[in-house]
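Colleague: The sequence shown begins at 0 in numbering that gives the first Met the number 0 and counts up one residue at a time.
Ideal placement from N, C-alpha and C gives every residue a C-beta, glycine not left out.
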Amino acid sequence: MRIAFVGKGGSGKTTLAALFTRYLAESDRPVLAVDADINQHLGIALGLDDGDLPLPLAAGSGWLKQHLRGDNPRIPAADEMIKTTPPGRGSRLPDLGPADEVLARHTVPVLGSGRLMVTGEFDAEDIGVSCYHAKTGAVELYLNHLLDGAGEYVVVDMTAGADAFASGLFTRFDLTVLVSEPTRRGVGVYRQYQANAAGHRVALRVLGNKIAEPADLDYLRAELGPALLGALGQSGWVRSAERGTPRPLAELEPANRAALDAVLAELDATERDWVAYHRDTVEFHRRNARAWANQAAGRDLTEQIDPEFVPGPSVAVG
Ligand SMILES: Nc1ncnc2c1ncn2[C@@H]1O[C@H](COP(=O)(O)OP(=O)(O)O)[C@@H](O)[C@H]1O
Ligand SMILES: [Mg+2]
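Pasting the structure below:
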């Protein structure tokens, strides 16, 4: 199950992505936290030092492409893969199990049952065909191939605002949580996100943050109705963690914990439709092929699409 935290810069995406990761790890749930923001702060928020961070996913993209390609006959060379290249028969489909090679190479353990992955930068030579949003492209490519199941969690800290729409990445989640302060700007960012995502299969909900008084919550309720999942207040627990002295999660303020419970309940209630999911993978690949990639590669990259293939739990992991 995959959850993305999106919203305005400074609203609390990183803080809440880290808090939700801690919350899952506290109950020993397997959780992969992914820092896909341009400003990479999730590792710090999870209590790691800069020197503890994993090899960025995008830095090893030559390896990632080679790995994911497997022996898919429609993709003769790794450098023909772009961020939207869909998996097909022969592709390697990573999972969240202990033997997975992507996790071994590109993550570090955090908080017991957690792992951290960071995007980093693509090297020009790794890209193969040039791509403006190449950095989050590595995450998109990874998620397009990832076989994650119920009871396994991927928590993604996303870039602020409309950047999320530079690729198909915004459609790769079972739940998208937009973090909003109780302000017109916060709610405006939600409405913008909702408008951009319209017509795509995106389960979008709002998590209020930095609630200081009852009128704040009243405001979000009135503006958002059922789209509001819950809300967190200004948290002494969070501030203590920010100072580098996280307290046990059991000491998190009960109202804030209730907001996390609501997020988990919503996420666990989702069920992925792998057929529709993969249809979107293919659709975004067609768009990218037409818009820029065919020209850059000098050939028709829609030939990479395997019409017989749908990923999902029934596919053997190669
Ligand atoms: N519920 C909260 N209680 C206290 N401080 C918070 C809370 N949420 C966010 N913050 C603080 O607000 C600032 C911005 O949060 P951050 O998670 O970095 O935002 P974003 O990732 O959306 O840019 C940080 O200093 C963070 O500690
Ligand atoms: Mg952030």
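If you follow the alpha helix (DSSP H) that aspartate 260 is part of, which residue opens it and which one closes it?
Modeller: It spans 253-267 - the alpha helix (DSSP H) in which aspartate 260 sits, taken as one unbroken run.
Colleague: Sorted by chain position, which residues of the same chain lie with C-beta nearer than 6 Å to tyrosine 189's C-beta, five sequence neighbours on each side aside?
Modeller: Within the same chain, tyrosine 189 has close Cβ partners Leu177, Ser179 and Val205.
Colleague: Return the Cβ separation of proline 181 and glycine 207 in integer angstroms, given the expectation that the two are a contact with Cβ distance under 8 Å.
Modeller: Indeed, because the Cβ distance is near 6 Å, the residues count as touching under 8 Å.
Colleague: Measure the beta-carbon distance from methionine 157 to lysine 12 and round it to whole angstroms, keeping in mind my assumption that it falls under 8 Å.
Modeller: Right, their Cβ atoms sit about 7 Å apart.
Colleague: Less than 7 Å between C-beta atoms, sequence neighbours within five positions excluded: which residues of the same chain meet that for serine 10?
Modeller: Only Val178, Ser179, Glu180, Gly185 and Asn208 meet the Cβ criterion.
Colleague: Assign methionine 0 to one of three DSSP states: helix, strand, or coil.
Modeller: Methionine 0: coil per DSSP, three-state reduction.
Colleague: If you measure between the beta carbons of glutamate 307 and arginine 73, is that distance less than 8 Å?
Modeller: No; because the gap between Cβ atoms is not below 8 Å, this pair is not in contact.
Colleague: Measuring straight from C-alpha to C-alpha, what distance separates asparagine 38 and valine 117?
Modeller: Roughly 11 Å separates the two Cα atoms.
Colleague: Starting from the Cα of proline 310, find the closest Cα among Gln193, His144 and Glu252 and give me that residue.
Modeller: For the residues Gln193, His144 and Glu252, the minimum Cα distance to proline 310 belongs to His144.
Colleague: Taking 6 Å as the limit between beta carbons, can you name the residues of its chain near leucine 300, skipping five residues before and five after?
Modeller: Around leucine 300: Ala288, Ala292 and Asn293.
Colleague: Do leucine 110 and leucine 15 have their C-beta atoms within less than 8 Å of each other?
Modeller: No, the pair does not count as a contact, with Cβ atoms beyond the cut-off.
Colleague: Would you tell me roughly how many angstroms separate the C-alpha atoms of proline 253 and threonine 20, rounded to the nearest one?
Modeller: So the two alpha carbons sit approximately 17 Å from each other.
Colleague: Is there contact here, the region 191-201 with the region 213-221, by at least three beta-carbon pairs under 8 Å?
Modeller: These segments do not touch.
Colleague: Nearest to aspartate 279 by CA position, among Gly232, Leu115, Gly198 and Ala258, is which residue?
Modeller: Per the Cα distances, Gly198.
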